[in-house]
Each structure stands twice: as C-alpha cells, then as structure tokens.
Amino acid sequence: MRCHLRWSKAFIPTLKEDPAEAEMQSHRLMLRSGMVRQLAAGVYEYLPLGWRVLLKVMQIVREEMNRAGAQEVFLPALSPAEIWQETGRWDDFGDEMFRLKDRKKRDYALCPTHEEIITDLARAKVRSYRDLPQNWYQMQVKFRDEPRPRSGVLRVRHFIMKDAYSLDRDQAGLDASYQAMYDAYHRIFTRCGLKFFVVGASSGLMGGSGSQEFMVASPSGEDSCAVCPGCGYAANLEVARSMRKVPSYPGDQLTEVATPEKRTIEEVAYFLRVPASRLFKSLLYMVEDRPVFALVRGDDELNEPKFQAAVGSGNFRPATPEEVLRITGAPVGFISPVGLEGVRVLADRSLQGAEGMVSGANRDHAHYAGISLERDVRVEKYVDLRMARQGEACPECGRPLDVTPAIELGHIFKLGTKYSQALKANFVDEDGTEKPLIMGSYGIGIERLAACIIEQSHDQSGIVWPLAVAPYQVVISQLGGPGTEAAKVSAQLYQELQDARYEVLLDDRDERPGFKFKDADLVGVPIRVNVGEKGLKEGLVEIKLRKDGQLFKVRPEEVRRKVQELTSVEMWPLKQQ
RNA sequence: CGGGGCGUGGCGCAGUUGGUAGCGCGCUUGCUUUGGGAGCAAGAAGCCCCCAGUUCGAGUCUGGGCGCCCCGACCA
C-alpha cells in the first residue's frame with residue numbers, strides 16, 4: 003500500500019477541541035485526528051486517515067489468513083429471507099436484523115453474520131470428502147440493529163468483520179482447522195502491536211466442543227473475564243469456574259418460620275440472624291414454557307449462560323410474578339422447590355449435600371428453615387450455575403482469580419453441524435455415506451481492532467501508532483515556506499523516502515512549526531523528520547520518534563539509512579519477510 | 001425497553017424576569033510573525049432539532065414528536 007501525500011492537499015480534518023460525545027480515549031482521538039465522522043447512532047464514516055488504518059489492519063489480517071490456508075471470498079451483504087427461515091434465524095434475530103423488501107415485495111435481510119450464506123454455498127458446491135477441508139473468509143460489512151450503540155466505534159450498527167468458516171469431514175479435521183485459526187489470530191494481534199489474552203468462552207447453544215475469545219483488557223470492555231495470574235487459566239465470566247469455601251451448617255428438622263414482609267435475601271438473612279450463604283435462591287425460569295428452578299446460594303448470582311447450557315435450550319426467561327404465583331402458590335420472595343412436585347430443579351454444585359438451609363415455604367410471609375437438599379428437594383442435577391467472583395480460587399491452581407473487564411476482538415468457534423444439518427449441507431465420505439459438514443467459524447471486528455490499538459497506544463498529545471498499522475510511517479515537517487532551503491531539502495527527502503518504499507506525509511502547509519508538531523503528534527505518525535532553517539545552518543535535520551520522543555540529528559543524506567534502521571525491528575514483530 | 005443528560009454558525013459553549021442571538025476555536029481577506037496549536041485589523045457564516053399551543057411577542061413557558069450521549073437491560 004505505497005502512498006504519499008502533501009498535507010496541504012490532504013483531507014485530514016483534525017480538531018483542536020475534544021468532541022463532547024466522546025468518552026473513550028479511542029473515540030476521542032479518532033474524532034480529533036480526523037479519522038472518522040459520525041453520521042448517525044452507531045454509523046460512522048471513515049475519512050482518509052481512518053480508512054488507511056483499516057486497510058493496514060485488513061492487510062495484516064489477510065496475510066495471516068492466507069498464510070493459514072484460508073481463501074478470501076466476497077459474499078453479499080444482502081440476502082433473501084428464505085435462507086434465514088431455513089435455520090430459524092429469521093425469527094431468532096428479532097429486531098436486531100435489518101430487514102427490507104425489494105420491488106416485488108420479497109423479504110430481504112442485511113446480513114448480521116454469514117453462516118447461512120456460507121453453508122448455502124457449501125451445500126451447492128462441496129460434494130465429496132475430496133473437496134475437504136476448506137476455509138473461506140471475507141471482510142464484509144455486517145449490519146446489526148443494536149439496541150444501544152456505544153463507545154464510538156466499539157459497538158455500532160454496521161461494521162466490518164473478517165469472518166472465516168472452516169469445513170471439515172470430521173472432528174479431527176475441525177480441531178486442526180481451529181488450531182490454524184488460533185495461531186493466525188495470535189499472529190494478527192501480535193503484528194498489530196496489541197497486548198491481548200485468550201479466554202475460554204461460552205459455546206451457548208452452538209454446541210460443539212467450545213470456543214475462545216481474544217480479549218484486550220479495558221475498563222470500557224463489555225465483557226468480564228476471570229484470569230488467573232498464577233497458571234494462566236482465563237475464561238469469560240459467562241463460563242468461568244472458581245472454587246469457593248462453602249460453609250456447612252448442622253442438619254435440622256424442616257420447620258416453617260414466619261417472615262412477614264421479608265422478601266429479599268438480605269431481609270430474610272437479617273431477620274433470621276443467619277448468613278446469606280445459609281439461604282438459597284430459588285429462581286423460577288420458564289424453559290420452553292415449562293417451569294424450571296435454578297438454585298444458588300444466597301450470596302451467589304445465577305450465571306444465565308451456564309443455566310442455558312445446563313438446560314440445553316436458549317428459549318428461556320424468568321417466570322413472571324403471575325406465573326410464580328400460579329406454579330408455587332406463593333408470590334416472588336417466598337418460593338422454593340421444597341414440597342413442590344412436577345417442577346424440574348437444577349442446583350449449583352455448592353448446594354450438594356447442604357443441610358440446615360433456608361428458602362421460601364411457598365406461602366405468603368413464610369420461609370422454611372432446616373432444609374436438607376438431599377431429603378427435601380428432588381434435584382435433577384447439580385451443575386455449575388454460579389457466577390465466579392474476584393478473589394475466588396482458580397479452579398486449576400487455587401490462586402485468587404482476577405476479574406477484569408475486556409473488549410472482545412475475536413472469537414473462534416467450533417460450530418459442529420448446527421448449520422450444515424439445518425441447511426442439509428452434506429458431503430459424501432470415503433465410505434460412500436452422506437454426512438453433514440463439520441464447521442467452524444472465526445470472527446474479528448476490524449474497526450474494534452483499530453480502536454483497541456488506540457486504547458493501548460496513546461498519550462496526552464494523541465495517538466501513538468505502531469509502525470505496522472500507522473496510516474503513514476513518516477511525516478516530514480517542513481519548517482519554512484516555498485523557496486526556502488527547508489522546502490528544498492524537504493522535497494528531496496520526500497522523494498527519497500518514497501523511493502525507499504516508505505509511506506510519507508509531507509507537511510508543506512503554510513503553518514507555524516508548533517501547529518505542525520501538534521497535528522503530527524495528534525495523528526500519531528511514528529517517525530517525524532523536522533526540516534528547518536535552524537538545523538540546516540549546521541547541515542542537519544532532526545528525526546523524532548513519536549513513541550518515546552527520542553531525537554536524532556543527522557545530515558539529510560543520512561535520513562534514509564537512519565529511518566531504515568529505526569523501522570526494521572518494529573516493522574515486523576514476527577521477524578517475517 | 002427502563003433511568004439520567006443534552007439538542008443554539010463547522011466544532012466547543014453562554015444566553016438573566018419572555019422583547020427577535022453572543023463568546024472561544026475554526027473559516028475568508030490583509031499586514032506583521034515563524035522550532036510546540038501566533039498577533040492585529042476587517043469580514044462571512046444561525047429554520048436557536050421539528051410540530052402544535054400560550055402570548056402583542058418564544059432560543060427561553062406548555063404539550064407532543066424526533067435525534068444524540070451516558071448508566072442499566074439486551075448483545076448471533
């Protein structure tokens with residue numbers, strides 16, 4: 003992507019003042035440096051500088067995907083409703099899917115993701131195990147009508163995703179395809195100069211043997227991750243396990259106690275003078291319209307993704323107060339599975355064998371004490387249902403876990419056969435039988451990736467681009483108007499650095515030096531060459547590094563060699579090419 | 001979808017008891033300046049988010065919309 007530009011001709015609308023709407027640093031700096039402009043909530047325009055950064059990022063992604071054996075395609079963003087109806091996601095996506103009609107009044111969707119499209123392609127063209135494995139990827143705009151776009155470019159309604167899909171004949175093939183993507187993602191984020199970590203993530207309903215997310219720690223992150231500083235265990239809180247000390251209480255007879263107006267855990271615990279951990283929460287959910295109890299200790303929170311995995315259905319919701327009354331005979335706050343027949347009960351592992359517990363009596367203003375889970379509750383199974391917390395013991399090594407907010411940059415997924423079965427994407431295996439394709443899917447949010455780089459690499463003055471993704475590698479600050487020695491030397495260096503295949507911005511604007519320095523720092527070009535009369539009197543120009551302010555004074559004819567020296571190490575963090 | 005905040009030149013904001021709009025930055029022109037966002041002078045630029053109402057008169061008051069931001073819910 004060779005490119006060079008005179009700043010006087012460039013469209014780089016920088017802002018001296020902070021835009022009011024920007025809270026995150028990356029958002030603020032993208033707006034101030036003239037990378038983007040907002041058109042509507044969650045809809046951004048990429049201006050020349052911003053687009054150059056995205057192109058750089060996409061090129062890195064492309065090179066690493068190709069290296070991993072994936073093949074680039076370009077699929078439509080517009081798709082007919084029928085294909086979504088086949089998998090049921092025309093309904094499942096609900097309001098999040100942008101929908102429209104064509105002139106014949108046929109329904110279409112703007113694709114929020116491309117599993118359906120890919121699988122349809124595969125069923126049409128992949129016939130034999132000899133055609134496998136395949137991995138197809140694209141960089142394409144995804145449309146999602148988010149209920150609340152936010153954080154600048156981090157959660158938006160249309161964004162570029164690199165999405166890849168692997169097709170394999172068996173589980174071993176999927177494992178290999180998945181591993182290749184895992185390695186590619188490592189290389190991509192490393193080349194982008196990011197500090198990141200990988201966590202185990204929720205497979206939810208997708209089935210298969212799991213998924214992992216590539217995360218960047220950030221206070222603005224929408225995900226929370228449990229990370230063990232000791233052994234490296236890391237998991238999205240949706241699936242994170244932890245060990246807690248479970249107190250035990252002496253067994254007792256089941257007795258009903260009056261608890262007038264005591265509805266919450268705190269109220270009941272205080273009223274009965276027992277710790278919250280001695281209570282258990284009886285949470286009633288409707289799973290496919292049938293009631294299911296989820297039990298966790300009073301001082302724990304139910305983790306809904308874990309509950310979803312345990313019941314094996316995504317079609318669930320908390321029961322309404324009316325349903326609670328109808329099913330248990332008591333209002334919310336006084337219910338439990340004790341003495342109730344015909345309602346499935348799932349309990350958290352920490353309740354296994356618990357004695358002397360307190361929960362609702364299924365009567366207004368009354369609770370049971372002395373509950374024995376074994377004796378009094380018909381628990382279908384004990385599973386991990388609770389939310390892990392900061393400071394609890396790592397399930398692998400026992401050290402205290404950190405819980406940290408993070409931004410999800412990439413997600414790799416063993417899909418299995420969910421889509422191939424729904425769309426009948428089969429192949430004929432070696433033994434002549436027809437089998438569904440085993441699929442994986444792998445996504446990276448491109449704009450999010452660029453924003454995360456800024457989050458991790460900026461200072462008071464502006465962005466500090468890593469060389470690999472900088473919109474330009476070198477800016478020449480020409481400190482003197484037309485006809486001066488500075489202008490002459492600047493023009494020479496401009497040409498010379500272009501010839502050496504650098505991307506160079508020549509700041510030939512009619513502005514004062516300080517103005518140019520501020521702009522260059524804001525925009526974050528890694529290397530600045532100052533060409534001014536002051537230095538030229540001694541026959542020297544300055545090379546200044548954006549990241550640490552290091553200053554080198556060299557003769558103009560040495561600039562090229564010095565720039566090469568300064569860029570060689572950082573340019574290719576993986577020592578390739 | 002709940003809660004909060006905000007809509008006034010391109011950007012950031014002010015606007016008193018209701019009397020027909022102002023500041024800083026930016027922009028245009030000229031002069032002076034020129035190593036960390038220069039100074040002076042002269043300009044241009046506003047459907048005060050929209051609609052209805054109250055009023056002699058609304059940026060300002062009332063009602064209803066719409067848009068944007070933040071917190072939460074949600075997030076294949």
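Here the first sequence is numbered in our numbering, starting from 3 and rising by one per residue. Virtual Cβ for every residue (Gly too), placed ideally from N, Cα, C. Keep in mind that this is a model prediction, so the values were computed, not measured.
Using a Cβ-Cβ cut-off of 6 Å (strictly less than) and excluding sequence neighbours within five positions of residue i, which residues of its own chain qualify?
| i | result |
| --- | --- |
| R363 | A quick correction: the sequence has Ala, not Arg, at residue 363. So the list reads E258, H369 and Y370, once near-sequence residues are dropped. |
| H29 | G154 |
| Q578 | Low per-residue confidence applies at Q578: pLDDT is 46, beneath 50, and the placement is therefore not dependable enough to give any value. |
| P515 | L481 |
| L7 | L507 |
| A43 | P151 |
| R54 | P473 |
| Y384 | A349, R351 and Q354 |
| Y504 | Q475 and V476 |
Taking the alpha-carbon of residue i as reference, which of the options has the nearest alpha-carbon?
| i | options | result |
| --- | --- | --- |
| L499 | F554, E513 and K564 | K564 |
| V214 | E540, G232, A453 and Y187 | Before going on, a small fix: residue 214 reads as Gln here, not Val. The candidate whose alpha carbon is nearest that of Q214 is Y187. |
| E303 | G314, A311, V143 and S284 | S284 |
| Y496 | V533, F161 and E513 | V533 |
| F198 | Q458, D550 and A493 | Q458 |
| C399 | A126, V63 and S244 | S244 |
| R101 | T330, D133, L31 and K144 | K144 |
| V298 | L286, D291 and E290 | L286 |
| V360 | Q136, V270 and F554 | V270 |
| E240 | D97, P484 and M389 | M389 |
| S35 | K518, H6, P320 and G418 | K518 |
| V345 | T330, S352, T261 and A242 | T330 |
| R562 | R514, D501, A522 and L553 | D501 |
| E535 | L469, G316, P484 and K264 | P484 |
| C5 | K58, Y131 and R39 | K58 |
| D93 | K106, Y110 and P78 | Y110 |
| R377 | R125, R171 and Q354 | Q354 |
| S352 | E306, R246 and A22 | R246 |
| G582 | A12, K11 and S179 | The requested residue 582 is not part of the displayed model; the chain covers only 3 to 579. |
How about residue i: is its Cβ closer than 7 Å to a heavy atom in the ligand ADP?
| i | result |
| --- | --- |
| D177 | By its list of ligands, the structure shown contains no ligand whatsoever, and the ligand ADP lies outside what it can speak to. |
Suppose contacts are defined by Cβ-Cβ distances below 8 Å. Is residue i in contact with residue j by that definition?
| i | j | result |
| --- | --- | --- |
| P339 | F295 | yes |
| R511 | V155 | no |
| G300 | F273 | no |
| A228 | V405 | yes |
| R150 | R159 | no |
| V201 | M217 | yes |
| C454 | L196 | yes |
| S222 | M26 | yes |
| M288 | A321 | yes |
| V525 | C194 | no |
| V531 | S463 | no |
| A439 | A124 | Per the sequence presented here, residue 439 reads as Leu, with Ala not at that position. In contact: L439 and A124 (Cβ atoms closer than 8 Å). |
| L387 | K308 | yes |
| Y235 | G358 | no |
For residue i, which residues from the same chain have a beta carbon less than 8 Å from its beta carbon, with the 5 sequence-adjacent residues on both sides left out?
| i | result |
| --- | --- |
| P249 | P277, S279 and R280 |
| R401 | C230, P231, G232, C233 and A395 |
| V571 | none |
| L56 | Y48, I162, I448, E449 and A452 |
| P397 | Y235, R243, S244 and M245 |
| D172 | I440 |
Which residues in the same chain as residue i place their Cβ atom closer than 7 Å to its Cβ, once the five residues preceding and following it in sequence are excluded?
| i | result |
| --- | --- |
| V381 | V347, A349 and L375 |
| R584 | Nothing can be reported for residue 584, as the shown portion of the chain is limited to 3 through 579. |
| E567 | none |
Fill in: Stretch pair the segment 446-459 + the segment 405-416: three plus CB contacts closer than 8 Å
yes
Mind listing, in chain order, the continuous alpha helix (DSSP H) runs of no fewer than 4 residues lying wholly within the segment 345-383? 375-378
Quiz item: Pairing CB atoms from the segment 536-548 with CB atoms from the segment 46-60, are three or more of them under 8 Å?
Solution: The segment 46-60 and the segment 536-548 do not touch, with fewer than three beta-carbon pairs separated by less than 8 Å.
* At a cut of 8 Å, does the segment 85-95 reach the segment 466-484 through at least three beta carbon pairs? -> no
With three or more C-beta pairs closer than 8 Å as the rule, is the segment 417-437 touching the segment 475-494? no
Open item on the list: For the structure I just gave you, are there three or more beta carbon pairs, one from the segment 154-169 and one from the segment 131-140, closer than 8 Å?
Closed with: yes
Task: Complete runs of the beta strand (DSSP E) confined to the segment 494-569 [at least 3 residues] - done: 506-509, 529-534, 543-547 and 553-556
_Complete alpha helix (DSSP H) runs within the segment 436-475 (minimum length 4 residues, chain order)_ = 448-458
ask   = Which parts of the segment 21-66 are runs of the alpha helix (DSSP H), unbroken and 4 residues or longer, counting only runs that do not cross its ends?
value = 27-34
Fill in: Inside the segment 274-349 only - alpha helix (DSSP H) runs reaching at least 4 residues
306-313 and 323-330
Which ranges does the beta strand (DSSP E) cover as unbroken runs of at least 3 residues, wholly within the segment 221-283, from first to last along the chain?
Every unbroken stretch of the beta strand (DSSP E) spanning 3 or more residues and falling wholly within the segment 221-283 is given here in chain order: 225-229, 236-238 and 257-260.
Quick check for students: name the residue ranges of the beta strand (DSSP E) that lie wholly in the segment 90-160, counting only runs of 3 or more. 100-103, 109-112 and 136-145
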